[in-house]
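*Asks:*
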Amino acid sequence: MKLIAGAIGLNTNSITADEVFNIDGLTWQKDESWGNYKVTRVVSPYNEVTLREAAKYSDNIYFAQAALKIGSEKLIDGIKKFGIGEEIPFDFPLTQSSISNSGEIDNEILLADTGYGQGELMVTPLNMALAYSALANNGNIMTPRLIINDGRDATVWKESAINPENISILVDDYS
């Protein structure tokens, strides 16, 4: 989900690749309205974190903060551009993914958690493979198929899930 949140942040100009998030320590909460709930991260080699470091170290706090900057509506719209929450056009039966139990992200903790792939988000391995495939397909997500031939007749399922100008940023950050 972190690739998706990063792409949505870039696509909506909610974040930039070089924007620094100041994160101190292994736990974080927006404010005391979150009660005892805190987002945690495993490692904190940097206090000044950009998208590149956040991707490299899989920084939950960075992506939680990015999701809050993106906002619920833009995050949901962006997630849908990756086909999450809708039926995948596939000849094999699959469980449908979901953004949340209700289809909405109606509180800040759920929004923050969704930004790093937690909360109520449910995705299939195929959804994630399709999301990452946008990096190799100029931002497009191809229609998944079981093929026995060489795949030369593949078609686009979702156009521009990632803006083409943002692909090189994400490929550099996630490879």
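The letter at position 111 of the sequence shown is residue 956 when you use my numbering, and the numbering goes up by one with no holes.
Beta carbons are placed, not taken as given, at the ideal position from N, Cα and C, and that holds for glycine.
1) If you follow the alpha helix (DSSP H) that valine 847 is part of, which residue opens it and which one closes it?
2) Rank Phe935, Tyr891, Ile906 by C-alpha distance to the C-alpha of leucine 956 and give the top, closest one.
3) Using CA atoms only, rank isn't needed, just tell me which of Asp922, Glu953, Thr969 is closest to tyrosine 882.
4) Skipping 5 residues on each side, what residues in its chain have a beta carbon closer than 8 angstroms to that of threonine 1000?
5) Runs of 4 residues minimum, wholly inside the stretch 896-979: which ones carry the alpha helix (DSSP H) assignment?
6) Quick one: residues in its chain with C-beta nearer than 7 angstroms to the C-beta of glutamine 910, no 5 flanking neighbours on either side, listed in chain order?
7) Please confirm whether isoleucine 921 and isoleucine 944 have their CB atoms less than 7 angstroms apart.
*Replies:* So, from the data block:
1) Before going further, note that residue 847 is lysine rather than valine in the sequence given. In the DSSP assignment, lysine 847 falls within the alpha helix (DSSP H) that extends over 847-856.
2) For leucine 956, the nearest C-alpha among the options comes from Ile906.
3) Tyrosine 882 has its Cα closest to that of Glu953, out of Asp922, Glu953, Thr969.
4) Once the five neighbours on either side are set aside, the close Cβ partners of threonine 1000 are Met987, Thr988.
5) Counting only unbroken stretches of 4 or more residues, the alpha helix (DSSP H) elements lying wholly within the stretch 896-979 are 896-901, 905-915, 917-926, 953-960, 970-978, in sequence order.
6) Phe866.
7) Going by beta carbons, isoleucine 921 and isoleucine 944 fall inside the 7 angstroms limit.
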